[in-house]
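Asks: First the structure, which I've put down as structure tokens, then a few questions once you've had a look.
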Amino acid sequence: MRSAVFLASASMALSSSAVGAGRIGDPASGLSGATMLKAITIIKRKAGMSVEAFQHYWRTTHAEVVKPLPDIRRYVQSHALLGGYRKGELPHDGIAEIWVDDMAALRAMSNSPHYAHVVADEARFIDRASMVLLLVEDHVIKHGAIPADAVKNIEFVSHRPGMAIEDFQRYWREVHGPLATHITQIRRYVQSHVRLGAYKAGKPPKYDGCALTWFESVAAMRDSARSPAYARTRDDEANFLDTAGGHLPFIITREHVIVA
Numbered sequence: 012m013r014s015a016v017f018l019a020s021a022s023m024a025l026s027s028s029a030v031g032a033g034r035i036g037d038p039a040s041g042l043s044g045a046t047m048l049k050a051i052t053i054i055k056r057k058a059g060m061s062v063e064a065f066q067h068y069w070r071t072t073h074a075e076v077v078k079p080l081p082d083i084r085r086y087v088q089s090h091a092l093l094g095g096y097r098k099g100e101l102p103h104d105g106i107a108e109i110w111v112d113d114m115a116a117l118r119a120m121s122n123s124p125h126y127a128h129v130v131a132d133e134a135r136f137i138d139r140a141s142m143v144l145l146l147v148e149d150h151v152i153k154h155g156a157i158p159a160d161a162v163k164n165i166e167f168v169s170h171r172p173g174m175a176i177e178d179f180q181r182y183w184r185e186v187h188g189p190l191a192t193h194i195t196q197i198r199r200y201v202q203s204h205v206r207l208g209a210y211k212a213g214k215p216p217k218y219d220g221c222a223l224t225w226f227e228s229v230a231a232m233r234d235s236a237r238s239p240a241y242a243r244t245r246d247d248e249a250n251f252l253d254t255a256g257g258h259l260p261f262i263i264t265r266e267h268v269i270v271a
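Shown next, in the form of structure tokens:
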């Protein structure tokens with residue numbers, strides 16, 4: 012099994028239909044104005060491994076294994092906050108975001124001699140069977156600098172049953188997104204939409220995208236949930252999201268920028 016962290020799903024990742032341009036148009040990303048291809052890999056730790064050991068290995072040992080890969084423009088790990096585990100397991104332990112210039116760079120990465128070392132190292136701390144890969148296009152909805160020690164909320168979104176993906180993406184970006192910008196506690200808001208080519212590969216992705224919001228602190232995030240703007244935003248979710256489970260899967264994380 013090839014590594015999902017670095018786009019192992021070759022039939023989808025290397026298909027011309029999956030290619031699109033994601034614009035990273037905010038200085039907070041470190042790639043202002045650049046047109047990038049971004050991959051999000053959603054991961055769960057290996058069975059029997061503590062959260063603390065998983066996070067330490069990922070942030071230190073594995074990060075150093077990844078760095079020699081060619082053509083990485085930016086690499087960010089988002090680790091779930093330890094406090095989130097007080098009530099039990101989380102749906103996911105974190106996400107890895109990797110930006111490259113284009114599909115040619117992605118091919119070069121996965122075909123490089125060093126790639127095998129990355130794959131081998133993943134087995135030491137990741138449950139690879141549960142990995143989820145999303146090739147996405149980013150839409151910056153609310154521009155803003157990321158505060159030092161900020162928390163990053165990651166919601167894993169799925170479209171409303173029966174709604175066309177194109178309509179879902181348009182509504183999310185053009186209607187729902189602007190509603191959320193009125194939540195003053197949100198310092199930055201990015202929507203990561205799965206590229207339309209993924210839906211032509213025969214197997215729909217597990218999620219249709221991720222909503223990424225940054226807050227100054229957990230307290231600020233909690234405070235936002237009491238605002239009228241938050242209530243309006245939540246009320247709108249049923250218009251385009253699959254809310255059958257009552258709420259979207261999410262994790263509250265802190266970022267670790269490995270390659271800036």
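Numbering (my numbering) for the sequence shown: 12 to 271. All C-beta atoms, glycine included, are put in the ideal place defined by N, C-alpha and C.
From serine 123 to proline 81, what does the alpha carbon distance come to, in whole angstroms?
Replies: Cα-Cα distance, rounded: 8 Å.
Asks: For alanine 115, which three-state DSSP category applies?
Replies: helix
Asks: Between the Cα of valine 87 and the Cα atoms of Ser238, Leu223, His258, which residue gives the shortest distance?
Replies: Leu223
Asks: Determine the extent of the alpha helix (DSSP H) in which valine 229 is found, giving its start and end residues.
Replies: 229-235
Asks: What are the partner residues of arginine 243, as DSSP defines its beta bridges?
Replies: Arginine 243 pairs with nothing; no bridge assigned.
Asks: What are the boundary residues of the beta strand (DSSP E) that phenylalanine 273 is part of?
Replies: Summary: the structure shown does not reach residue 273, with the chain confined to residues 12 through 271, and so no result is reported for it.
Asks: Is the beta carbon of leucine 101 closer than 8 Å to that of valine 168?
Replies: no
Asks: Answer yes or no: do leucine 48 and methionine 114 have a C-beta to C-beta separation smaller than 8 Å?
Replies: yes
Asks: Considering only their Cβ atoms, is the gap separating arginine 199 from glycine 153 smaller than 8 Å?
Replies: For clarity, residue 153 is lysine in the given sequence; the question names glycine instead. Cβ distance < 8 Å, so lysine 153 and arginine 199 count as in contact.
Asks: With a threshold of 16 other CB atoms inside 10 Å of the CB of histidine 187, please say whether the residue is buried or exposed.
Replies: buried
Asks: Taking the CB atoms as reference points, tell me whether serine 61 and isoleucine 165 lie closer together than 8 Å.
Replies: no
Asks: Quick check on this structure: which residue in Thr192, Lys55, Arg70, Glu148 has the alpha carbon closest to the alpha carbon of serine 235?
Replies: Thr192
Asks: With distances taken Cα to Cα, identify the nearest neighbour of arginine 206 among Ala127, Ile53, Asp219.
Replies: Asp219
Asks: Just tell me which of Ser141, Glu266, Pro79 has its CA closest to the CA of histidine 128.
Replies: Pro79
Asks: Going by Cα to Cα distance, which pick from Arg84, Gln202, Ala159, Val143 is closest to proline 179?
Replies: According to the sequence shown, residue 179 is phenylalanine rather than proline. The option with the nearest alpha carbon to phenylalanine 179 is Gln202.
Asks: Verify whether the separation of the beta carbon atoms of threonine 244 and isoleucine 194 is less than 8 Å.
Replies: yes
Asks: Measure the alpha-carbon distance for proline 189 versus arginine 181 and round it to whole angstroms.
Replies: 12 Å
Asks: With DSSP run on the structure shown, which of helix, strand or coil describes histidine 150?
Replies: strand
Asks: Output yes or no for whether 8 Å exceeds the beta carbon distance between methionine 315 and isoleucine 53.
Replies: Here the chain has residues from 12 to 271 only, and residue 315 is not among them.
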